[in-house]
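In our numbering, the protein residues as written are 5 to 214.
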Ligand SMILES: [Zn+2]
């Protein structure tokens, strides 16, 4: 039997209509029904109505670093807790999918409510969006040197140093193979080296989850 996900939050009910696959609010529960669940069940007898009470969520201090939670949030369905106040998950924007952070509802500007623990991230995967900084022109690692007025000057650093940089574990093999070893006169232009290990793992988990 298929489920209908019905949500209860501060004073409102809503559900995802299985026919249109659209979010639908229940403004008024018709008389004769005790609650939204009973009402929905009568409207969709072929489905099992499952209520998610969004006033109930795991508090910030209950969340454990490295655990992956299902989330009710603006942009993420699931996310790994970073041990401070954020969840890193896969965000979809237009056709792009990338790692992004959303903060716990209890934290300042927080929008993510963890509902339940669904998996644990293996210890060898770093809990961060980026594993360091590479030059987007030539692909070599680079780092910022703080300069005047808070601006950074970016310069390339040797491959071997990259291993220590930002305490990243060894990800040298993932650097672009086309990157030239000749330092040449490339003007370093920084971009984050995406943490594809985390991305791939979260993608795998969300496949089993949704
Ligand atoms: Zn470069």
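Cβ atoms here follow ideal geometry from the backbone N, Cα and C, with glycine treated the same way.
- Relative to the non-hydrogen atoms of ligand 1, the Cβ of residue 160 comes within a distance shorter than 7 angstroms of at least one.
- Each residue's CA atom was taken as its position, placing residue 201 and residue 102 some 12 angstroms apart.
- Residue 117 sits buried, since 16 or more C-beta atoms from the chains shown fall within 10 Å of its C-beta.
- The three-state secondary structure of residue 206, taken from DSSP, is helix.
- For residue 153, the secondary structure class from DSSP, reduced to helix, strand or coil, is helix.
- Sequence-distant Cβ neighbours of residue 195 in its own chain, meaning closer than 8 angstroms and more than five residues away, are 137, 138, 139 and 140.
- Nearest to residue 53 by alpha-carbon distance, out of 130, 152 and 22, is 22.
- Annotation for residue 29: the continuous beta strand (DSSP E) segment containing it runs 27-30.
- DSSP, read as helix, strand or coil, puts residue 70 in coil.
- Separation of residue 162 and residue 97 (C-alpha to C-alpha, rounded to the nearest whole angstrom) is 34 angstroms.
- DSSP, read as helix, strand or coil, puts residue 111 in coil.
- For residue 116, there is no enclosing beta strand (DSSP E), as DSSP gives it neither H nor E.
- Proximity to residue 76 across 43, 120, 112 and 48 peaks at 120, based on C-alpha coordinates.
- In summary, residue 69 is exposed, with fewer than 16 beta-carbon neighbours lying within 10 Å of its beta-carbon over all protein chains present.
- Under the three-state reduction of DSSP output, residue 43 falls in the helix class.
- Ligand 1 approaches residue 192 closely enough that one of its heavy atoms is under 7 angstroms from the residue's Cβ.
- For residue 74, same chain residues with a beta-carbon under 6 angstroms away, outside a window of 5 residues either side, are 82, 119, 120 and 122 in chain order.
- Checking the DSSP bridge columns, you'll see residue 198 partnered with 134.
- Around the CB of residue 193, fewer than 16 other CB atoms lie within 10 Å, so the residue is classed as exposed.
- Counting every other CB atom within 10 Å of its CB across the protein chains shown gives residue 84 a total of 16 or more, marking it as buried.
- Residue 7 holds the alpha-carbon nearest to the alpha-carbon of residue 25 among 36, 12, 42 and 7.
- In this chain, the beta strand (DSSP E) harbouring residue 18 covers 16-20.
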